[in-house]
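*Asks:*
There are 2 protein chains.
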Amino acid sequence: MRDFMAAAKALSDEGRVRIVAALTGHELCVCELIELLQLAPSTVSKHLSLLKQARIIEGRRSGRWTYYRLADDDAPVEVLAAIEWVRSSLSDDPVAERDSERTSEIVARRADACSD
Amino acid sequence: MRDFMAAAKALSDEGRVRIVAALTGHELCVCELIELLQLAPSTVSKHLSLLKQARIIEGRRSGRWTYYRLADDDAPVEVLAAIEWVRSSLSDDPVAERDSERTSEIVARRADACSD
DNA sequence: CATACACTTCGTCATCTGGCGAATTATAGG
DNA sequence: CCTATAATTCGCCAGATGACGAAGTGTATG
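What follows is the structure, encoded as structure tokens:
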């Protein structure tokens, strides 16, 4: 129950849900998520910390950047099911679709600055 | 997104999650849920109102009692997926299992007072 | 119709949450 | 080294949330 509630609370904020949706298919660093959500770095960082504690996302440091991605297939059941819930529910959502477009733009611009 | 967030917020409280789990397989009235959760009637009523607004549960009045059950199969996708998420995640959960036992006792005692 | 019971609504209060900016840590590059 | 950039941590504040009791609504039953 504890783990389930951690996941449920992690998904009870729209910003965090948008992060999970954006990470579906992409690996993104914090500054890219900041640009996507248009929130203060400290706010985004806190959201990521919460999602990470719930095991929904994982972080990987590369140089100055920390890249976040969704949990692997070997994550707990409640986490995998949570991710699938978000994916299936928001597959046609206008907000998520717009985020997806903007994420593509952001990732495309990456080549200018970094290669990893 | 609006509907999804309503469902997500509805599941961000342990009491409400326990209600959803308890309603899996049973139809229960408010006073039975009050006994199960050991919370004040006004608190339980508010939780039920929130779950109902998120379309996760439906209410049916019968005499003095209001019976609540999970949403039908024709409910929105995000709701059905949410219910399935709870069910699959808590199928082996100690808290949910204990609630399930207590629910059975509560329902068994129903015969004394009411037949509908 | 008066009483009891089931439930809801309303007002209140302590706590939690999400937001920010300032300060801190870590790393890359001049 | 010193600076710039990426990210995190900390402290703070406004607003949301969950708990309760009191009061109100509705329904069966004596």
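Keeping their order, the protein sequence lines are chains A and B.
Going by my numbering, the letters in the first sequence line up with residues 135 to 250, in that order.
Going by my numbering, the letters in the second sequence line up with residues 135 to 250, in that order.
We put the beta carbon where it would ideally sit given N, CA and C, even for glycine.
Every value quoted in this text rests on a predicted model; they were computed, and no experiment measured them.
Do ARG236 of chain B and LEU167 of chain B count as a contact pair if the criterion is CB distance below 7 Å?
*Replies:* Cβ atoms of LEU167 of chain B and ARG236 of chain B: not closer than 7 Å.
*Asks:* So the beta strand (DSSP E) ARG194 of chain A belongs to, where does it begin and stop?
*Replies:* ARG194 of chain A -> beta strand (DSSP E) spans 191–196.
*Asks:* Say whether chain A places a C-beta atom closer than 7 Å to the C-beta of SER196 of chain B.
*Replies:* It does not: the Cβ of SER196 of chain B has no partner Cβ on chain A nearer than 7 Å.
*Asks:* Use the C-beta contact count for GLU239 of chain B: other C-beta atoms within 10 angstroms, 16 or more gives buried, fewer gives exposed.
*Replies:* GLU239 of chain B is exposed by the Cβ-count criterion.
*Asks:* Run through DSSP, which three-state label would LEU214 of chain B get?
*Replies:* Helix, per DSSP.
*Asks:* I want to verify the contact list: residues of chain A whose CB lies under 8 Å from the CB of ALA230 of chain B, in sequence order.
*Replies:* Correct list: MET135.
*Asks:* What is the DSSP secondary structure of LEU204 of chain A, reduced to helix, strand or coil?
*Replies:* Strand, per DSSP.
*Asks:* Is there a Cβ of chain A sitting closer than 7 Å to that of TRP199 of chain B, yes or no?
*Replies:* Cβ-Cβ to chain A under 7 Å: no for TRP199 of chain B.
*Asks:* In terms of residue numbering, what span does the alpha helix (DSSP H) encompassing ALA155 of chain B cover?
*Replies:* Residues 148–156.
*Asks:* Cβ of SER149 of chain B within 7 Å of Cβ of HIS181 of chain B?
*Replies:* A small fix is needed here, since residue 149 of chain B is Gly in this sequence, not Ser. Their beta carbons are under 7 Å apart, which means GLY149 of chain B touches HIS181 of chain B by this criterion.
*Asks:* Determine the extent of the alpha helix (DSSP H) in which MET135 of chain B is found, giving its start and end residues.
*Replies:* Counting along the chain, MET135 of chain B falls outside any alpha helix (DSSP H), and DSSP gives it neither H nor E.
*Asks:* Mind listing which residues of the region 199–215 of chain B have their C-beta closer than 8 Å to chain A's C-betas, in chain order?
*Replies:* For the region 199–215 of chain B, which is checked against every Cβ of chain A, the residues closer than 8 Å are VAL211, GLU212, ALA215.
*Asks:* Excluding the 5 residues flanking VAL178 of chain B on each side, which residues of the same chain have their C-beta closer than 7 Å to its C-beta?
*Replies:* The residues are VAL164, LEU167, ILE168, LEU171.
*Asks:* Grab me the residues of SER249 of chain B's own chain with a C-beta within less than 7 Å of its C-beta, minus the 5 sequence neighbours each way, in chain order.
*Replies:* Because the pLDDT at SER249 of chain B is just 45, under 50, the model does not fix this residue reliably, and the value given afterwards should be weighed accordingly. Nothing meets the Cβ criterion.
*Asks:* If you measure between the beta carbons of ALA140 of chain A and LEU185 of chain A, is that distance less than 7 Å?
*Replies:* Against a cut-off of 7 Å, the Cβ pair of LEU185 of chain A and ALA140 of chain A comes out as no contact.
*Asks:* Given a threshold of 16 other Cβ atoms within 10 Å of its Cβ, counted over all protein chains shown, does VAL220 of chain B qualify as buried or as exposed?
*Replies:* Burial call: buried.
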